[in-house]
Amino acid sequence: MWTTTADTRPATGRTAILAILLTGQFMANVDTAVANTAAPSIGATLGASEGQVALVVSGYVVAFAVLLITGARLGSSLGYRRVFLLGLQVFTAASLVCGIAPEVYSLTVARFVQGAGAALMVPQVLSGIQLHFAGRERVKALGFFSIALSGGAVAGQVLGGLLISADLFGTAWRPIFLINVPIGIGLTLVALRRLPADGVHDERQSIDLRGVVSLSAAVLLVIVPLLLGSERGWPAWAWICLALSVPMIVLFEQGERRAAAAGGRPLIARQVLRSSAVRAGLLAHGVTTAGYFALLFVLALYLQQGLGKGPAYSGFAMVVWVAAFGLAGPILPRLPERFGWMPVIGCSLLVVGYLAVLAYLVLGGRSGPLLFALLGIGGLGLGFSSNTLIGAITSAMPTQYASDLSGVVATNAQLSGALGVAVAGSIYAALVSGSTSPAGALSAVLAGFAGLALIGAGSALRLVPRAG
Numbered sequence: 048m049w050t051t052t053a054d055t056r057p058a059t060g061r062t063a064i065l066a067i068l069l070t071g072q073f074m075a076n077v078d079t080a081v082a083n084t085a086a087p088s089i090g091a092t093l094g095a096s097e098g099q100v101a102l103v104v105s106g107y108v109v110a111f112a113v114l115l116i117t118g119a120r121l122g123s124s125l126g127y128r129r130v131f132l133l134g135l136q137v138f139t140a141a142s143l144v145c146g147i148a149p150e151v152y153s154l155t156v157a158r159f160v161q162g163a164g165a166a167l168m169v170p171q172v173l174s175g176i177q178l179h180f181a182g183r184e185r186v187k188a189l190g191f192f193s194i195a196l197s198g199g200a201v202a203g204q205v206l207g208g209l210l211i212s213a214d215l216f217g218t219a220w221r222p223i224f225l226i227n228v229p230i231g232i233g234l235t236l237v238a239l240r241r242l243p244a245d246g247v248h249d250e251r252q253s254i255d256l257r258g259v260v261s262l263s264a265a266v267l268l269v270i271v272p273l274l275l276g277s278e279r280g281w282p283a284w285a286w287i288c289l290a291l292s293v294p295m296i297v298l299f300e301q302g303e304r305r306a307a308a309a310g311g312r313p314l315i316a317r318q319v320l321r322s323s324a325v326r327a328g329l330l331a332h333g334v335t336t337a338g339y340f341a342l343l344f345v346l347a348l349y350l351q352q353g354l355g356k357g358p359a360y361s362g363f364a365m366v367v368w369v370a371a372f373g374l375a376g377p378i379l380p381r382l383p384e385r386f387g388w389m390p391v392i393g394c395s396l397l398v399v400g401y402l403a404v405l406a407y408l409v410l411g412g413r414s415g416p417l418l419f420a421l422l423g424i425g426g427l428g429l430g431f432s433s434n435t436l437i438g439a440i441t442s443a444m445p446t447q448y449a450s451d452l453s454g455v456v457a458t459n460a461q462l463s464g465a466l467g468v469a470v471a472g473s474i475y476a477a478l479v480s481g482s483t484s485p486a487g488a489l490s491a492v493l494a495g496f497a498g499l500a501l502i503g504a505g506s507a508l509r510l511v512p513r514a515g
């Protein structure tokens, strides 16, 4: 484990560090969404089946989610700068292979490798913020972190559509991956010059390989059926995978306890898991993130399949939601320094946003500018809650646990998002396939989202003394 002292470099130096880290985060977020837009084009140009294209789209997310905690642990052992650069280089090289892939099989493998590179790179972003920023400066940094998250989600949809529509030199979908190459090379050169050297770390601390294998298997058994099971009607293999994940999680937990008892370094520090503030923050962040990803998915189904709107119309509605999420970042640093109720206020505002859209539908509204504006209320509430919850979680432990917290927060968000999409998508589809109208189905799902946000607000109450 490496250690660090307070960062006393000039503000311009810390700004450069933040810009480098957030550019990496932005790139990873873009590629989480961009392949969804490209799916039809990939299938047409490569002659791939629907299942093969689905694997191209989901392969990145699977590898990303499975390896996040391992990537964070490597950052703890080897230094966040070293692992960030390694992840960036793997991500960039895999993007090149994606862009020139001659058939679907090499594209699929490259997407898995690209996700693995992102899993090495992304945990170091939050680790770097924790190490180099404190107090109000950390609040500001997390605000920009929020903008990178939301901006990446928007760019993944908008940029993907624009590049594919442009069909540059007859390359169809390939530029959505090739654009990462010059950006990745440039970012690597800048990072080599501007990211500070890692602090002292103990090279003798080995990685808990048993923990890596058991945790990766557990996450894999959860994430794959959540990503692919619902769209295939929940076949038997999906339920078998979910059932097998339980003993695998138990095996991982037993291994972690043995490693700690033997004086070793578990994959996730036991102190992190024992912290009531961390557990409360993860619950609140998990349930609100589940609603966030699920709404993006279900809203697209409602607008496009339910109302017959085009992808551009649907994308604009989601842009409003995500843009409002990013708007919270610049607002929070301007609030009083000890305004510690913001996690609860954010979750509560999210409840209001969901209920406002629900009321709009019940009163006969279906789409239009008012729907977009009401979505913005929820997006802003989510931005407030997400920023302050992450701030509370990362402030609950000393910086020596920065990598553990980064990996746990990121993995919690990925799994919660996949779970939210799977459950809400299945409920919406089941209601629509019956006698329920698309608006009625969306209303039912929104009521569930409001309930999740209420759970988040209740959990966030336990963070009020710490969040301030």
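Residue numbering for the sequence shown follows the working numbering, starting at 48 and increasing by one per position.
From the three backbone atoms N, C-alpha and C, an ideal C-beta is built for every residue, glycine too.
All values reported here derive from a predicted model rather than from experimental measurement.
Check, Outcome
"Cβ-based burial, Ala-141 [other Cβ within 10 Å; buried from 16]", "buried"
"Cβ contact check for the segment 143 to 157 and the segment 98 to 112: 3 or more pairs under 8 Å", "yes"
"Supposed contact pair Leu-508 and Val-334 - C-beta distance, whole angstroms, cut 8 Å", "Their Cβ separation, rounded to whole angstroms, is 14 Å, which puts Val-334 and Leu-508 out of contact at 8 Å."
"Range of the contiguous alpha helix (DSSP H) that encloses Arg-304", "283 to 308"
"Cβ-Cβ distance between Leu-132 and Gly-454 below 7 Å", "no"
"CA nearest to the CA of Ile-378, picked from Tyr-349, Ala-504, Ala-166 and Gly-428", "Gly-428"
"Asp-451 in three-state terms, based on DSSP", "helix"
"Spatially closest choice to Gly-425 from Ala-66, Thr-441 and Val-399, by CA coordinates", "Val-399"
"Cβ contact (3+ pairs, closer than 8 Å) linking the segment 157 to 170 and the segment 67 to 81", "yes"
"Three CB pairs or more closer than 8 Å across the segment 284 to 300 and the segment 256 to 268", "yes"
"Cut-off 6 Å between Cβ atoms - residues of its own chain near Thr-336, not counting five sequence neighbours on either side", "Ala-460, Ser-463 and Gly-464"
"Nearest-angstrom beta carbon gap, Tyr-349 and Met-493 [assumed within contact, 8 Å]", "Sequence inspection shows Leu at residue 493; the Met mentioned does not correspond to that position. About 10 Å; that fails the 8 Å criterion."
"Cα-Cα separation between Gly-355 and Ala-347, rounded to whole angstroms", "10 Å"
"Proximity of Gly-373 and Ser-197 at Cβ, strictly below 7 Å", "yes"
"Segment limits, alpha helix (DSSP H) that includes Gly-481", "Per DSSP, Gly-481 belongs to no alpha helix (DSSP H) and is neither H nor E."
"Which of helix, strand or coil DSSP assigns to Ala-500", "helix"
"Status (buried if at least 16 other CB within 10 Å, exposed otherwise) for Thr-458", "buried"
"Spatially closest choice to Arg-240 from Leu-466, Ala-500 and Ile-67, by CA coordinates", "Ile-67"
"Host alpha helix (DSSP H) of Gln-177 (start-end)", "151 to 179"
"C-beta atoms of Ser-506 and Ala-371 nearer than 7 Å", "no"
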